[in-house]
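Below is one structure, written out as structure tokens; comments come after it.
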């Protein structure tokens with residue numbers, strides 16, 4: 229299949245006239261919705277292959293909140309983490325600088341929306357990341373020191389509101405708090421993802437597929453599903469870096485393909501996508517996103533510390 233790359237444009241050319249184009253929008257909640265949108269776009273011949281490629285997702289909406297109004301242990305983005313007794317604010321092992329608290333997800337909150345039954349039904353996942361000027365991009369195996377994914381499945385009565393370290397402001401960021409709200413969705417794969425590259429679309433049908441993608445409301449934040457890529461697919465990069473191959477230049481990709489590692493990309497799943505958010509004070513590179521990836525085996529084993537984080541931006 230010939231792939232066409234869409235290049236995002238953040239600003240119109242200087243002096244140009246902005247024309248508002250009304251576009252059709254689609255709400256993807258069920259497989260029936262998938263069938264209907266494929267039929268309406270003349271892509272019914274690909275129904276089986278696309279149905280096999282779509283994924284159940286949990287889209288996340290945020291609402292601003294005061295820290296004191298958020299229940300202890302509730303799912304939230306930004307603010308202060310509710311850490312178990314005896315667990316201190318996470319820091320980089322190499323430099324000892326504090327990592328920024330991105331979010332905590334209480335899986336009891338997400339269970340009603342987890343149609344694929346991929347996530348645990350209890351416990352809290354904490355995500356910390358190096359939000360300093362040296363944000364890790366994820367193409368270097370050494371970037372593992374720039375993130376922490378900590379899973380706690382003990383008694384919630386042992387949680388306490390953590391105090392931000394005094395040196396956090398100079399090392400990273402303390403983000404404004406917000407409450408998470410969840411909803412079920414079905415995600416179509418990006419054509420530059422591992423799943424999208426396998427779709428047998430004819431050249432003339434690629435634009436029709438893009439019309440569907442453009443009509444689906446792209447979530448800023450999500451659990452599971454397909455990643456909303458800014459700079460292309462990430463599954464191969466995750467596999468190579470997990471095998472200690474440096475992907476900041478072509479050498480890692482050349483060696484990885486020679487070793488057959490490109491055949492292992494299907495085992496990587498999007499776990500979490502976190503977008504930049506000016507209201508919260510979150511800015512990943514130039515208005516980018518953080519993508520947390522995990523293998524099938526590690527997700528089933530709840531081995532979240534093995535997850536990998538990639539930063540992409542415009």
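Residue numbers (this note's numbering): 229 to 542.
The C-beta atom is built at its ideal place from N, Cα and C for all residues, glycine as well.
Query                                                                                                              : Result
Endpoints, beta strand (DSSP E) assigned at residue 312                                                            : 310-312
Inter-residue CB distance, residue 290 and residue 408 (contact presumed, cutoff 8 Å)                              : 6 Å
Separation of residue 475 from residue 484, as counted between CA atoms                                            : 10 Å
Rounded separation between residue 306 and residue 284 - CA only                                                   : 25 Å
Collapsed DSSP secondary structure at residue 457 in the structure displayed                                       : coil
Touch test, the segment 418-431 against the segment 315-332, Cβ-Cβ under 8 Å, three pairs minimum                  : no
Those residues which DSSP pairs with residue 510 across a bridge                                                   : 505
Meets three-Cβ-pair contact criterion under 8 Å: the segment 462-482 and the segment 427-436                       : no
Neighbourhood of residue 207 by C-beta, 6 Å cutoff - its chain only, sequence neighbours within 5 removed          : Past the boundaries of the shown model lies residue 207; the chain is included only from 229 to 542, so the question cannot be answered.
Secondary structure of residue 401, DSSP reduced to three states                                                   : coil
The alpha helix (DSSP H) enclosing residue 426, as first and last residue numbers                                  : Premise fails: residue 426 is in no alpha helix (DSSP H) and is neither H nor E.
Contact between the segment 449-460 and the segment 350-367 (3+ Cβ pairs under 8 Å)                                : no
Outcome for residue 256 when other beta-carbon atoms lying within 10 angstroms are tallied against a minimum of 16 : buried
Residue from 525, 506 and 521 with nearest C-alpha to residue 515                                                  : 506
Candidates 428, 405, 414 and 461: closest to residue 444 by CA position                                            : 414
Range covered by the alpha helix (DSSP H) that runs through residue 336                                            : 335-338
DSSP state of residue 371 mapped onto helix, strand, coil                                                          : helix
Minimum length 3: unbroken beta strand (DSSP E) runs contained in the segment 263-293                              : 283-292
Limits of the beta strand (DSSP E) - the one that residue 355 falls within                                         : 352-357
Under the three-state DSSP convention, the category residue 438 falls into                                         : helix
Burial state of residue 294 (16 or more Cβ within 10 Å)                                                            : exposed
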